[in-house]
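In the working numbering, the protein residues as written are 2 to 105. We put the beta carbon where it would ideally sit given N, CA and C, even for glycine. On a predicted model such as this, the values are computed, not experimentally measured, just so you know.
Written out as C-alpha coordinates, the structure is:
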(Lines of atoms letter the chains of each structure in order from A; the text may use other names.)
(Lines give C-alpha, C1' and ligand atoms only; values in the text may rest on other atoms or scores of the structure.)
Protein backbone atom coordinates (compact mmCIF):
# COMPACT_ATOMS: atom_id res chain seq x y z
CA UNK A 2 0.00 0.00 0.00
CA UNK A 3 1.25 3.46 -0.90
CA UNK A 4 -0.17 6.15 1.40
CA UNK A 5 -0.14 9.82 0.34
CA UNK A 6 -1.55 12.62 2.50
CA UNK A 7 -3.22 15.79 1.21
CA UNK A 8 -4.23 18.87 3.23
CA UNK A 9 -7.24 21.04 2.41
CA UNK A 10 -5.93 24.51 1.50
CA UNK A 11 -7.42 27.23 -0.73
CA UNK A 12 -10.59 25.21 -1.35
CA UNK A 13 -8.77 22.08 -2.61
CA UNK A 14 -6.69 19.17 -1.32
CA UNK A 15 -2.97 19.75 -1.90
CA UNK A 16 0.03 17.48 -1.40
CA UNK A 17 1.17 17.20 2.21
CA UNK A 18 4.68 15.87 2.96
CA UNK A 19 3.57 12.50 4.34
CA UNK A 20 4.08 9.60 1.94
CA UNK A 21 5.11 6.03 2.66
CA UNK A 22 4.78 2.52 1.34
CA UNK A 23 4.25 -0.58 3.49
CA UNK A 24 2.81 -4.05 3.37
CA UNK A 25 -0.89 -3.87 4.36
CA UNK A 26 -0.51 -6.83 6.74
CA UNK A 27 2.36 -5.08 8.56
CA UNK A 28 0.17 -2.01 9.06
CA UNK A 29 -2.59 -4.14 10.62
CA UNK A 30 -0.39 -6.50 12.64
CA UNK A 31 1.76 -3.70 14.13
CA UNK A 32 -1.31 -1.47 14.73
CA UNK A 33 0.39 1.47 13.03
CA UNK A 34 -1.40 4.80 13.39
CA UNK A 35 -4.15 3.10 15.36
CA UNK A 36 -5.41 1.06 12.42
CA UNK A 37 -5.23 -2.43 13.97
CA UNK A 38 -7.99 -4.92 13.21
CA UNK A 39 -11.45 -3.31 13.43
CA UNK A 40 -14.01 -5.28 15.45
CA UNK A 41 -16.62 -5.18 12.68
CA UNK A 42 -15.09 -6.97 9.71
CA UNK A 43 -15.62 -10.07 7.59
CA UNK A 44 -12.02 -11.36 7.67
CA UNK A 45 -9.87 -12.74 10.48
CA UNK A 46 -6.24 -11.93 9.73
CA UNK A 47 -3.55 -11.48 7.11
CA UNK A 48 -2.84 -12.65 4.53
CA UNK A 49 -6.24 -12.03 3.02
CA UNK A 50 -7.82 -14.32 0.45
CA UNK A 51 -8.06 -13.41 -3.21
CA UNK A 52 -11.25 -12.97 -5.23
CA UNK A 53 -13.36 -11.99 -2.25
CA UNK A 54 -15.10 -8.78 -1.11
CA UNK A 55 -13.95 -7.39 2.22
CA UNK A 56 -15.97 -5.20 4.52
CA UNK A 57 -15.10 -2.95 7.46
CA UNK A 58 -17.84 -1.08 9.31
CA UNK A 59 -18.04 1.45 12.16
CA UNK A 60 -14.27 1.97 12.04
CA UNK A 61 -12.59 4.63 14.15
CA UNK A 62 -8.78 4.68 14.36
CA UNK A 63 -6.99 5.04 17.71
CA UNK A 64 -5.97 8.70 17.67
CA UNK A 65 -3.39 8.22 20.45
CA UNK A 66 -1.24 6.31 17.92
CA UNK A 67 -1.26 9.02 15.23
CA UNK A 68 2.02 10.74 14.38
CA UNK A 69 2.55 13.75 16.69
CA UNK A 70 2.56 17.41 15.66
CA UNK A 71 0.36 17.12 12.58
CA UNK A 72 -1.16 20.61 12.15
CA UNK A 73 -4.89 21.08 12.66
CA UNK A 74 -6.90 20.98 9.45
CA UNK A 75 -8.80 18.79 7.02
CA UNK A 76 -6.92 15.93 5.37
CA UNK A 77 -7.37 13.30 2.72
CA UNK A 78 -5.39 10.07 2.70
CA UNK A 79 -5.05 8.32 -0.62
CA UNK A 80 -4.29 4.61 -0.20
CA UNK A 81 -3.17 2.84 -3.36
CA UNK A 82 -2.88 -0.93 -3.43
CA UNK A 83 0.01 -2.01 -5.63
CA UNK A 84 0.89 -5.52 -6.82
CA UNK A 85 4.41 -5.43 -8.24
CA UNK A 86 4.09 -2.35 -10.48
CA UNK A 87 0.33 -2.59 -11.13
CA UNK A 88 -2.18 -0.39 -9.33
CA UNK A 89 -4.91 -2.71 -8.03
CA UNK A 90 -7.17 -0.45 -5.96
CA UNK A 91 -7.42 3.08 -4.58
CA UNK A 92 -9.20 4.37 -1.46
CA UNK A 93 -9.69 8.00 -0.41
CA UNK A 94 -10.19 8.65 3.31
CA UNK A 95 -11.25 12.06 4.61
CA UNK A 96 -10.69 13.30 8.15
CA UNK A 97 -9.99 16.30 10.29
CA UNK A 98 -7.35 17.01 12.94
CA UNK A 99 -8.56 19.51 15.53
CA UNK A 100 -7.02 20.58 18.79
CA UNK A 101 -8.44 22.90 21.43
CA UNK A 102 -7.06 26.42 21.55
CA UNK A 103 -4.94 26.72 24.70
CA UNK A 104 -4.64 30.13 26.34
CA UNK A 105 -1.70 30.82 28.64
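Counting of Cβ neighbours within 10 angstroms places residue 76 among the buried residues, the total reaching 16 or more. Your pair residue 19 and residue 6 checks out as a contact, with CB atoms roughly 4 Å apart and the cut at 8 Å. A check of alpha carbon separations from residue 12 across 81, 74 and 82 identifies 74 as the nearest. With respect to the 8 Å criterion, residue 42 and residue 56 are classified as neighbours on the basis of their beta carbons. Per DSSP, the unbroken beta strand (DSSP E) holding residue 87 starts and ends at 87 to 98.
Boundaries for residue 29: no beta strand (DSSP E) harbours it, while the alpha helix (DSSP H) harbouring it runs 25 to 30, taken from the DSSP string. Look at residue 8 here: in three-state DSSP terms it is strand.
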